[in-house]
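Protein chains: 2
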Amino acid sequence: MPDLPISAPPATDPAALVAGLPPMWLRDNCPCASCRDPRSGQKFFQITDLPDDLAIGTVTARRVHGADAVEVTWSPDGHRSVYAVEWLTTRDPAQGDHRSEAGKQLWEAADLGPLPEADWSAYLSEDGERARVLEAVQRLGFALLRSVPTEEDQVLAVARSFGFVRETNYGELFDVRVEPAPDNLAFSSLAITPHTDNPYRDPVPTIQLLHCLQNAAEGGDSGLVDGFHAAALLREEDPEAFAVLTRTPVPFGYRDARAELTAHRPLIDLDPMDRIREVRFNNRSMGTLRLPAHELEAFYAAYRTFAALLLRPELLLTFRLEPGDCLIFDNTRLLHARTAFEQTGARHLQGAYADLDGLASTLAVLRRTTVLDELAELFHGPGSADYLGEAVTQAEHMLQAGALAEAAGAPAHLVAAALLHDVGHFGGPVSGDELMAGTDNRHSHTGADLLARWFGPEVTEPVRLHVAAKRYLCAVEPGYRARLSEASEYTLHVQGGPMNEQDAAAFAALPGAADAVAVRRWDDEAKEADAATPDFEHFRPLLASLLRR
Amino acid sequence: MPDLPISAPPATDPAALVAGLPPMWLRDNCPCASCRDPRSGQKFFQITDLPDDLAIGTVTARRVHGADAVEVTWSPDGHRSVYAVEWLTTRDPAQGDHRSEAGKQLWEAADLGPLPEADWSAYLSEDGERARVLEAVQRLGFALLRSVPTEEDQVLAVARSFGFVRETNYGELFDVRVEPAPDNLAFSSLAITPHTDNPYRDPVPTIQLLHCLQNAAEGGDSGLVDGFHAAALLREEDPEAFAVLTRTPVPFGYRDARAELTAHRPLIDLDPMDRIREVRFNNRSMGTLRLPAHELEAFYAAYRTFAALLLRPELLLTFRLEPGDCLIFDNTRLLHARTAFEQTGARHLQGAYADLDGLASTLAVLRRTTVLDELAELFHGPGSADYLGEAVTQAEHMLQAGALAEAAGAPAHLVAAALLHDVGHFGGPVSGDELMAGTDNRHSHTGADLLARWFGPEVTEPVRLHVAAKRYLCAVEPGYRARLSEASEYTLHVQGGPMNEQDAAAFAALPGAADAVAVRRWDDEAKEADAATPDFEHFRPLLASLLRR
């Protein structure tokens, strides 16, 4: 079995890096300060400003801020653009739409452990807590805030904590209220099957909030169904029904004395790559489809199949909203429901609408600071502890590893992986001390899972595999094991010892194996007492560039 | 040439009317009060509540409120539904989405006569004026309000006059201001090429408002381009480029200290029937596409073709916003632009965003009352004048014609056409009196054009052809001419006399000829002095049911 090469340093033939790249695309992405605002990234030119016969002239290797770069001189206008090699070789795994199923974690009720929730005061005071809640709305479709003051209009404060209230014909907020002896039958106590709200609005409000002020009724529990998951099931089980529902615009309508709304949208809306992007489902406000009889037959068959699927008990997450709870959910994805209840006590919710784009923006801004602050905190707090019998602290060890990777000219994602490879020692259920006492803390997995909240697999997978890489190198590289530190030799046993031939072959076949081996080598070297290393702040811009959008 | 039959009364075989209609569809549309709220039309049941083996049981003819109807008894649950024959035979010409190109009038600059505009005080005080402005935004994509007070925040009052303000990261409103000696270069005086706003928001704000408070600068004119028209041109001239732009999601982004927005949407968005539905165009905020090189080549070629097309001078409507002007436009369709200007004087606009659904709702509610009020006003006002030498007033004549059609069991659209056939005498440039003085006022065309604002061709075309029908009947029906009233015989000459054989054949071949002849016969009979006729209010529900959505 051949030894694994450490990842090659970036190609140094600058012409090869831009060969085959469309000139218009490359020039449209020129990062120079006369082409775009360095802060906002907004371009200063129009695509029609570029000459028709635009072509790459000369190509030269450059170093910019310590990173490899390529300078292109353009023909015919002589403009110069400098591109980081890192940027040129990016294959942007985040390409795509965070609104589509590709950016979501689909679920049925049993997949969810504890509900994604937070205390209102913690949510208000801690950026990390707020980011966690908003991230859950984006990824799972909902989150629950607890102990929101049970005062009228508080639902608007919740909406404004992450975005903008979408006023509708129901006002800025609406009341869902049942009195023990209701005057108005509209305040009914009947069960309401899963549906989305306001399908007759276009654009539909993409977020709904429901704040519970009072719930003394028996029954009246809340339910949520992941409409993306249900649609994906339909696609799997009955592709033809799925196709019918994606291509039939359905008229939705609402009419009262002051409003008359109509929208024509399919029940399941796809993006141009045929990924599920929006679900609308509400028989109450569906109008009359006027289509040839055979198309109506096909639509109604598909519609009933989807409706039945949405009622499968395993899809329905149920819980009870208590006074002070505020549910936030994605109204383009989740269907909400309410069980019937006895009119034994008052029940009063206040609802409001908002939009996902404002939430995503708030989350992105929070992440800019909170992720890097959280990581910095790991280095300054728990990382300042002794490193498992080595001569350096854990933080010094990781900073050394990051610096070694950087000095080796490694691409940004490997510098980050080296820098962060041991974060699993801090947050996991089993501490590093316990590891030294003989219990494997699986810190490579814990760390990779933690980092996966913020970074892509190019960062997390080398971290996940860096312990396996040690076991692999012990198996395949003569002399490697003898160079391990004493503590590392000890933990090797706890972690399972050198790999056997079969495991080593399997490891070598993993796509991230070479990167993991590279990280491992920097890990092994990064144990020098009193080595001068940059501090965490030095790596902040590099880490920021790798954060998932 | 055979005589034309009067339109047959509705088919009386009730079973034939429902044969072939899918039972699920028919039952889902049951109009009974236990199936749906008679006021809002919201359904009380879920589609899954209907039995799998639902089938039509017995079918019986009924008369309901003087109209033909069909009663269906359902198997197996015995539910009864009563459907108006009128509803069963509707082929809903309004089916479809008022957001797509199908609901729009596409334009280039020369197609537009005077700009769609209104005075702010008239817009506020007159429902008809307000409806006219909102209808222009819906159909043409924009309208201009004049004499809006030049006070800050007035733009919000304009937005709230038809809908709801969409707050964004720029606030409820934003200032576009250039000072003669600007502190901040962002307040630039450069030309801005046609673009849509906020493509990085999802949902994108669908309406933009720009209110001019000050414009003492030289230059700085405003421009609008119909993006739907441009996209339709691209589809015609370069279908492959059009296809590429509809299926490539483009990343748009915006980033500042407080916001970070990204959206992935195609430049041209289609509905499931492949009709143009939204256009986004803004090179400034387009991010980096990451696609295989050949796809990037194709995208950039298509993008530049579309960009060049959008700059064609004939597409650009230019005008100057003066203080007090407020422009309202569809941000999913129209691109807006600004010419460069000299910094000789201050220029200050305030902008805000809103949404098309709120506007459409306001317009629909206004139409409920304003259209019918306008028509009622014609009957009570100008219609109370003598009817061109007959023994009845114009209003009595039209009410008699409508009543005759109703008594004959004619379908609603023909009752409406009979009732409204002479409205062209009122509003046109040449009066009925001038007709009697020898000038053809072409009142059938004037009336049909007036009615086309509110009714479909099933109403307008019989009105348009009712004069031609007289000239036709004189040519082909022995004895018809002899029965004409004296005034009608006189106007026959002004209108061109009996048709020749060729014209009569052409007329008979028109799709609306039979309906026009039917209306003509009621017209001819409806001249009886002191006949008891219902008043206009009697016909209001029937007219309301025919109003275009």
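Which chain is which? The protein sequence lines are F and Z, in order. Just so we're aligned, residue 319 is where the first sequence starts under my numbering, counting upward by one. Just so we're aligned, residue 319 is where the second sequence starts under my numbering, counting upward by one. By construction, the Cβ of each residue, glycine as well, lies at the ideal position given by its N, Cα and C atoms.
9 Å Cβ cut-off: residues of chain Z touching residue i
i: Y572 (chain F); result: S358, G359, Q360 and S679
i: S603 (chain F); result: S358, G359, Q360 and K361
i: T809 (chain F); result: Near T809 (chain F) there are no residues of chain Z at all, since even the closest Cβ is about 40 Å away, more than 9 Å.
Residue i to residue j span [Cα, whole Å]
i: C792 (chain Z); j: E555 (chain Z); result: 49 Å
i: H612 (chain Z); j: T636 (chain F); result: 49 Å
i: D758 (chain F); j: A787 (chain F); result: 16 Å
i: S479 (chain Z); j: A461 (chain Z); result: 14 Å
i: T606 (chain F); j: G774 (chain Z); result: 18 Å
i: V390 (chain F); j: A351 (chain F); result: 15 Å
i: K361 (chain F); j: M604 (chain Z); result: 8 Å
i: T668 (chain Z); j: G431 (chain Z); result: First, the amino acid is wrong: residue 668 (chain Z) is Gln here, not Thr. Those two C-alpha atoms are separated by around 27 Å.
i: H761 (chain Z); j: L690 (chain Z); result: 20 Å
i: D544 (chain F); j: V455 (chain F); result: 12 Å
i: E640 (chain F); j: R576 (chain Z); result: 33 Å
i: A477 (chain F); j: H547 (chain F); result: 26 Å
i: L768 (chain F); j: H739 (chain F); result: 11 Å
i: G259 (chain Z); j: L783 (chain Z); result: Residue numbering for chain Z in the displayed model covers 319 to 867; residue 259 (chain Z) lies beyond these limits and cannot be assessed.
i: L585 (chain Z); j: I525 (chain F); result: 25 Å
i: R771 (chain F); j: G446 (chain F); result: 12 Å
i: G338 (chain Z); j: P610 (chain F); result: 10 Å
i: T511 (chain F); j: Q364 (chain Z); result: 8 Å
i: N347 (chain Z); j: Y618 (chain F); result: 12 Å
i: V483 (chain F); j: D437 (chain Z); result: 31 Å
Chain-order list of residues whose beta-carbon lies under 8 Å from that of residue i (same chain, five-residue window excluded)
i: R381 (chain F); result: A387
i: R457 (chain Z); result: G421, K422 and Q423
i: L344 (chain F); result: V336, I374, V390, S399 and Y401
i: L442 (chain F); result: R448 and S479
i: A334 (chain Z); result: none
Per-residue contacts from residue i into chain F (C-beta, under 8 Å)
i: P567 (chain Z); result: G414, D415, D589, P590 and M591
i: A626 (chain Z); result: T366
i: N487 (chain Z); result: G676 and S679
Cβ-based neighbour list, residue i, same chain, cut-off 7 Å, excluding 5 preceding and 5 following
i: L732 (chain F); result: S325, A723, P780, D833, A836 and V837
i: S863 (chain F); result: A730
i: R858 (chain Z); result: L690
Neighbour list for residue i in chain F, Cβ cutoff strictly below 7 Å
i: D673 (chain Z); result: P521
i: Y621 (chain Z); result: I365
Chain-ordered neighbours of residue i on chain Z, where CB pairs are closer than 7 Å
i: R598 (chain F); result: Within chain Z, no residue comes near R598 (chain F); the closest Cβ sits about 13 Å away, beyond 7 Å.
i: L339 (chain F); result: A611
i: N347 (chain F); result: T606
i: T511 (chain F); result: Q364
i: G629 (chain F); result: Sequence inspection shows Leu at residue 629 (chain F); the Gly mentioned does not correspond to that position. What L629 (chain F) touches in chain Z: T366.
Cross-strand partners of residue i (DSSP beta bridge)
i: H513 (chain F); result: F:H654
i: R665 (chain F); result: F:V496 and F:N533
i: P569 (chain F); result: F:H582
i: F617 (chain Z); result: None; F617 (chain Z) has no bridge partner.
i: M604 (chain Z); result: Z:F570
i: E435 (chain F); result: F:L462
Cutoff 6 Å; reference residue i; Cβ partners in own chain excluding five residues on either side
i: R593 (chain F); result: S418, E419 and A420
Under 8 Å from the C-beta of residue i: neighbouring residues of chain Z
i: F482 (chain F); result: R484, E485 and T486
i: T636 (chain F); result: Chain Z residues near T636 (chain F): none, gap ~18 Å exceeds 8 Å.
Under 9 Å from the C-beta of residue i: neighbouring residues of chain C
i: W343 (chain Z); result: Chain labels in this structure do not include chain C; the protein chains are F and Z.
Under 9 Å from the C-beta of residue i: neighbouring residues of chain F
i: L579 (chain Z); result: D675, G676, A678, S679 and A682
i: T407 (chain Z); result: Within chain F, no residue comes near T407 (chain Z); the closest Cβ sits about 11 Å away, beyond 9 Å.
Any non-hydrogen atom of the ligand COA closer than 8 Å to residue i Cβ
i: D493 (chain F); result: The ligand COA is not part of the structure shown, which contains no ligands of any sort.
Three or more C-beta pairs below 8 Å linking the stretch 551 to 570 of chain Z and the stretch 654 to 661 of chain Z: no
Three CB pairs or more closer than 8 Å across the stretch 710 to 717 of chain F and the stretch 844 to 852 of chain F: yes
Inspect the CB distances between the stretch 538 to 553 of chain F and the stretch 615 to 630 of chain F and report whether three or more fall short of 8 Å. yes
Is there contact between the stretch 680 to 692 of chain F and the stretch 538 to 549 of chain F, where contact requires at least three CB pairs shorter than 8 Å? no
At least three beta-carbon pairs within less than 8 Å, the stretch 506 to 525 of chain Z to the stretch 587 to 602 of chain Z: yes
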